[in-house]
Amino acid sequence: MNMAPLARVERITQLTDDELDELCIAAEKAVLDGNGFGWLTPPSRHVLEKYWRGVLLMPQRDLFVARLDGAIVGSTQMLRPAPNNEAQSHAVQLTTFFIAPWARGHGLARGLLAAVEQLAQAQGYAQVDVDMRASQLAALQLAEDCGYQRWGEKPHYALVNGAYVPGVFYTKRLVS
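Printed below as a string of structure tokens:
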């Protein structure tokens with residue numbers, strides 16, 4: 002009997018050493034695949050480990066992970082506005098959104114979006130914003146399929162291999 006892999010998404014506040022290793026591997030593979038949330042080449046393992054440990058220490062961030070058969074294969078973060086940013090206190094930013102290439106096609110990216118939206122709404126936020134490279138076609142399509150509205154493009158968003166790649170900006174209202 003061929004069983005489908007178990008896919009789930011969860012918000013986490015700490016990482017075991019094994020989970021940190023899984024998250025670093027998934028991030029490395031996503032970076033190599035061109036979906037590196039800013040990195041173009043994977044940084045050293047030490048830098049990645051410091052980055053993820055630092056994320057968990059930041060009070061304005063919530064880390065969500067995607068798991069496939071128990072192993073972490075992707076993540077995103079919900080970034081709340083700074084307390085002094087009253088004008089934008091209604092919106093959160095979705096950042097570092099990726100799924101490792103071998104784990105795609107199980108609904109995990111969609112699950113990460115939904116988890117961020119649910120927490121944001123539960124915490125009283127009215128909007129989720131996200132931006133990404135225009136070259137990330139699957140992510141752009143997913144955002145649009147999930148009700149995100151494209152509101153702008155920045156022609157010189159990222160510099161990849163000496164060429165500029167546009168960035169696309171999306172927003173989703175959580176309340177009407």
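All residue numbers for the sequence shown refer to the working numbering, where the first residue is 2 and numbers rise by one. Every residue, glycine too, gets a C-beta built ideally from N, C-alpha and C.
- Collapsing the DSSP output to three states places residue 171 in a strand.
- A check of alpha carbon separations from residue 164 across 136, 152, 170 identifies 136 as the nearest.
- In terms of Cβ geometry, residue 94 and residue 80 form a close pair [threshold 8 Å].
- Taking all protein chains in view, the Cβ of residue 97 is crowded by 16 or more other Cβ atoms within 10 Å, so the residue is classified as buried.
- By alpha-carbon distance to residue 166, the top candidate from 132, 77, 52 is 132.
- Excluding sequence positions up to five before and after residue 147, its CB lies within less than 6 Å of the CB of 114, all in the same chain and listed in chain order.
- Shown here, residue 139 sits in a helix according to DSSP, grouped into three states.
- DSSP places residue 28 in the uninterrupted alpha helix (DSSP H) bounded by 18 to 33.
- Taking C-alpha positions only, residue 168 is separated from residue 99 by approximately 16 Å.
- Taking a cut-off of 8 Å for Cβ pairs, the segment 9 to 20 and the segment 62 to 75 touch, as three or more such pairs fall below it.
- Taking every protein chain shown into account, the CB of residue 134 has 16 or more other CB atoms within 10 angstroms, so this residue is buried.
- In this structure, the CA atom of residue 34 is about 10 Å from the CA atom of residue 43.
- A straight-line Cα-Cα distance of about 10 Å links residue 76 and residue 112.
- When DSSP states are grouped into helix, strand and coil, residue 66 belongs to the strand group.
- A residue is called buried when at least 16 other Cβ atoms come within 10 angstroms of its Cβ; residue 36 meets this threshold and is buried.
- Counting C-beta atoms within 10 angstroms of its own C-beta, residue 78 has 16 or more neighbours from the protein chains shown and is therefore classed as buried.
- Remark: C-beta atoms of residue 72 and residue 23 approach each other more closely than 8 Å.
- Under DSSP, residue 12 shares a beta bridge with 65.
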